[in-house]
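Chains as they are written, first to last, in my numbering: chain A, 1 to 310; chain B, 1001 to 1197.
All residues carry an ideal CB built from backbone N, CA and C; glycine is no exception.
From a predicted model like this one, the values you see are computed outputs, not experimental measurements.
Written below as structure tokens is the structure these notes are about.
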């Protein structure tokens, strides 16, 4: 009897149907917005389809090379177990726990405390920690952070976010280059010049709207996935408060560090554990990470679930 | 992780695989008779401890159970926390009478009480220690999530810390592959440094 009660208690730990529903809703809305864009592109004929094909090729290129390019640009170095025994030890145990193949382990020689995960699949994942985070955090806190990054790997966040933002990229290409290559849109059969020009204007307007709406939706999706990764970390380690403490420590340091250091890492911030921007965003809907207070509150709820007081 | 799980970022920690722990209780005979590898009289189970009162209660119950089952065979139990925050329960046979069966029974008692308490997903692995003719330490590690065994041989040369003898491990895999369900993916042969047995 007691065992059954415990088991039910355990199952509830770390479950958040609301978060999953919000994520599915966001994905659904994104799909809806994208469907409009694709519909318009196909409706205008050959020019639109060409853009789709080029964008698909870009997507493939992004999936297969972006991690290498980003790593090269940021000066990330793979480390052996001999060089970083503690980091490897933490990640190995978490991999056993999560039933995950061991990712590439990298260190970035940077005093800014941060960590991120990259790679399109579980087999090709890379987790990276900065020198700053290794020095700042205790082993338990570092474990929480690494479990957060491994959850990104488990959830295939790089793949999901890249695919989800695919049509947003298409839309932004159209908005940026549509004016220059505008002539191509009107290439359908039997159309007059005036009609073609109208098409171009319509496509650009639609692309602008799609880009604006999907931008907000994608940021929301990114925030939900951060919550999911925090949650996954807590479930994996059984220590939500250790991650909360790590987040507090990291954010405390982040705000003291001059922004000159941070700019170099700006583009990668989607997969950092704490966004690289020290300035707090005024409008939460444009932020790719949830505010610290909300993450701490979510972790606190998990801790009380764990302690059986929730 | 299925498609829906991937899309919604839902992820639960996996519980233990079907139990193949007891494979060691017969495999050691081959190790001893054919490969001159003797049991070192100690085994350990590694798991994450949860910092809550309910898990503490499970721990206490479990120690009672293991001490009781160990009482007949004289197996001694000791707990130890490592620097990664994992708990090791080390089981030792009485001096001079190593018995892999007793150790396997003891380890199984620990893992079943943890599973009974509903914490099966916290189990990491079990480790059985052996010695070859040169008194070198060899370990067989059982991964609870996967239900597979793999050998782990730390390099005995003290000038090379955290190096493992992959050659010896692959030999052991070839020697014991028929007896022990071996982890087929070599990248999951995770080392455990600083094993206290």
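- No Cβ of chain B is located within less than 8 Å of the beta carbon of residue 125/A.
- Relative to residue 1016/B, the option among 1050/B, 1039/B, 1064/B and 1115/B whose CA is nearest is 1115/B.
- Apart from sequence neighbours up to five positions away, the residues of its chain that approach residue 115/A with a beta-carbon distance below 6 Å are 129, 133, 145, 149 and 273, ordered along the chain.
- Inter-residue distance for residue 103/A and residue 301/A is about 30 Å (C-alpha atoms, whole angstroms).
- Linking residue 237/A to residue 219/A through their CA atoms gives a straight-line distance of about 27 Å.
- In the same chain as residue 140/A, and ignoring 5 residues on each side of it, the C-beta atoms closer than 7 Å to its own belong to 239 and 242, in chain order.
- For residue 1085/B, the closest Cβ of chain A is nearer than 8 Å.
- Against chain A, a Cβ distance below 7 Å from residue 1008/B picks out 20, 23 and 24.
- Excluding residues up to 5 positions away in sequence, 1149, 1179, 1180 and 1181 lie with their Cβ nearer than 8 Å to the Cβ of residue 1023/B in the same chain.
- The three-state secondary structure of residue 1180/B, taken from DSSP, is coil.
- For residue 1105/B, the enclosing alpha helix (DSSP H) covers residues 1100-1116.
- Judged by DSSP secondary structure, residue 1045/B falls outside any alpha helix (DSSP H) and instead within the beta strand (DSSP E) spanning 1038-1048.
- The DSSP assignment places 126-130 as complete runs of the beta strand (DSSP E) inside the segment 123-160 of chain A, in order along the chain (cut-off: 3 residues).
- Bridge partners of residue 1091/B according to DSSP: 1043/B and 1077/B.
- For residue 78/A, the enclosing beta strand (DSSP E) starts and ends at 76-78.
- For residue 166/A, no beta strand (DSSP E) encloses it; the enclosing alpha helix (DSSP H) starts and ends at 166-177.
- In the structure shown, residue 85/A adopts helical secondary structure according to DSSP, grouped into three states.
- Residue 235/A has a beta carbon lying within less than 8 Å of a beta carbon in chain B.
- Along the segment 1130-1153 of chain B, going in chain order, the ones with a CB nearer than 9 Å to a CB of chain A are 1143, 1144, 1145 and 1146.
- Only residues of its own chain outside the window of five on either side were considered, and among them 137, 141, 144 and 145 have a CB closer than 6 Å to the CB of residue 246/A, listed in chain order.
- The three-state secondary structure of residue 34/A, taken from DSSP, is helix.
- Membership of residue 292/A in any beta strand (DSSP E) is not indicated; the residue belongs instead to the alpha helix (DSSP H) covering 292-306.
- Annotation for residue 1044/B: 1088, 1090, 1127 and 1197 place their beta carbon closer than 6 Å to its own, counting only its chain and skipping 5 residues before and after.
- Residue-level contact check: residue 294/A does not touch chain B, since none of the beta carbons of chain B fall below 8 Å from its beta carbon.
- Taken atom to atom, the span from the alpha-carbon of residue 1058/B to that of residue 214/A is near 49 Å.
- In the DSSP assignment, residue 1141/B falls outside any alpha helix (DSSP H) and lies within the beta strand (DSSP E) extending over 1137-1143.
- Between residue 1013/B and residue 1124/B, the CB-CB gap reaches or exceeds 8 Å.
- Less than 8 Å separates the beta-carbon of residue 1122/B from that of residue 1050/B.
- Nearest C-alpha to residue 1131/B among 1035/B, 1106/B and 1119/B: 1035/B.
- Taken through DSSP and simplified to helix, strand or coil, residue 112/A comes out as coil.
- Among the CB atoms of chain B, one or more fall inside 8 Å of the CB of residue 140/A.
- With respect to the 8 Å criterion, residue 36/A and residue 206/A are classified as neighbours on the basis of their beta carbons.
- In this structure, the CA atom of residue 17/A is about 13 Å from the CA atom of residue 1004/B.
- Nearest to residue 109/A by C-alpha distance, out of 55/A, 73/A, 27/A and 124/A, is 73/A.
- For residue 1126/B, there is no enclosing alpha helix (DSSP H); the residue is found in the beta strand (DSSP E) stretching over 1123-1131.
- Annotated three-state conformation of residue 117/A is strand, per DSSP.
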